[in-house]
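Its first residue numbered 18, the sequence shown is counted upward by one per residue in my numbering. All residues carry an ideal CB built from backbone N, CA and C; glycine is no exception.
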Amino acid sequence: MSVNDRTTTTEVAPTAPALAVADPAPLGLAGFALTTFLLSASNAGWMTHATGNAWLGYAFAYGGLGQLLAGMWEFRNKNVFGATAFSTYGGFWIGLALWFKLVGTAAPPAGVSAAAYGAQTTKDLGWILLAFAIFNTYMMMWSSAVNAAVFSVFATLEATEIILFAGFFSGSPDTIKAGGYVGVLTALVAWYTSAAGVMNGLRGRPVVPVGKPFIS
Numbered sequence: 018m019s020v021n022d023r024t025t026t027t028e029v030a031p032t033a034p035a036l037a038v039a040d041p042a043p044l045g046l047a048g049f050a051l052t053t054f055l056l057s058a059s060n061a062g063w064m065t066h067a068t069g070n071a072w073l074g075y076a077f078a079y080g081g082l083g084q085l086l087a088g089m090w091e092f093r094n095k096n097v098f099g100a101t102a103f104s105t106y107g108g109f110w111i112g113l114a115l116w117f118k119l120v121g122t123a124a125p126p127a128g129v130s131a132a133a134y135g136a137q138t139t140k141d142l143g144w145i146l147l148a149f150a151i152f153n154t155y156m157m158m159w160s161s162a163v164n165a166a167v168f169s170v171f172a173t174l175e176a177t178e179i180i181l182f183a184g185f186f187s188g189s190p191d192t193i194k195a196g197g198y199v200g201v202l203t204a205l206v207a208w209y210t211s212a213a214g215v216m217n218g219l220r221g222r223p224v225v226p227v228g229k230p231f232i233s
């Protein structure tokens, strides 16, 4: 065989496969559920023999940082819905904890009575929850394209936020307590959805039902 008979080939190095990332949604849901449960139990008036602030540390570390990390991993998974939801509610918990430490438990400004300052901080909470209810409204709508379980989390959370901001704006303890009960339900739904994600991820197939999307 002569040189002219040889065929020149160019070898292409194979592309390294992308690193697999486990589904971060069960972690984010679990962090959300636990922190929501603790704060909602306080709002419902269940913590009569406790300080009522058991939620605070977990708002920073689990509901806050845990969800924020889950949101960042969802960006890695190219899941824009999960990334937006977990990052936002991670920020919500961190922001709420910071507000509580910096404003909610601060001494009243000079010339403002404790009663007047307490009323102002109550209205603060109303505005915070109203703002997040607006965000949650469109996320609840888009969650209908995920599955029934995720939609249920956002639907019960929507009800919780609406009841609570109405209670804080009106200064009604009974309305706030009702929001606490609905918040506990929200936490239970989120825990179920988290547990389903863990088991289904372990098995690699649907085992615990989460329902079908309402829209495609």
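Could you check what DSSP says for tryptophan 208 in three-state terms: helix, strand or coil?
Collapsing the DSSP output to three states places tryptophan 208 in a helix.
N-terminal and C-terminal residue of the alpha helix (DSSP H) that isoleucine 64 is part of
Correcting the residue type first, residue 64 is methionine in the shown sequence and not isoleucine. Taken as a continuous stretch (DSSP letters only), methionine 64 belongs to no alpha helix (DSSP H), as it is neither H nor E.
Just confirm the distance between the C-beta atoms of glycine 200 and leucine 56, as a whole number of angstroms; I'd bet it's less than 8 angstroms.
The pair is a contact, with the Cβ atoms about 7 angstroms apart (cut-off 8 angstroms).
Would threonine 1 and alanine 204 qualify as a contact pair, given that the criterion is a beta-carbon distance under 8 angstroms?
In the structure as shown, the chain begins at 18 and stops at 233. Residue 1 is therefore absent and cannot be evaluated.
Is any heavy atom of the ligand ATP found at a distance shorter than 7 angstroms from the C-beta of tryptophan 110?
Here there are no bound small molecules, and the ligand ATP is not part of this structure.
Rounded straight-line distance, which links the Cα of alanine 148 to that of tryptophan 72:
21 angstroms
Hey, could you find the ends of the alpha helix (DSSP H) phenylalanine 231 is sitting in?
Premise fails: phenylalanine 231 is in no alpha helix (DSSP H) and is neither H nor E.
Excluding the 5 residues flanking tryptophan 110 on each side, which residues of the same chain have their C-beta closer than 6 angstroms to its C-beta?
Thr52, Ala76, Gly80 and Gly81
Cβ-based neighbour list, leucine 46, same chain, cut-off 6 angstroms, excluding 5 preceding and 5 following
Ala207, Thr210 and Ser211
Closest to phenylalanine 117 by C-alpha separation, out of Asp141, Leu202, Asn96 and Ala102, would be which residue?
Asp141
To which residues of the same chain is alanine 100 closer than 6 angstroms at the C-beta, ignoring the five residues directly before and after it?
Within the same chain, alanine 100 has close Cβ partners Gly88, Glu91 and Phe92.
Contacting residues, own chain, Cβ-Cβ under 8 angstroms from alanine 131 (five flanking each side not counted):
Pro125
Cβ neighbour criterion (16 or more within 10 Å) applied to proline 41:
It counts as buried.
Are the CB atoms of glycine 221 and alanine 39 within a distance shorter than 8 angstroms?
No, they are not a contact pair.
Closest Cα partner of glutamate 175 within the set Asn94, Phe185, Gly48 and Ile151
Ile151
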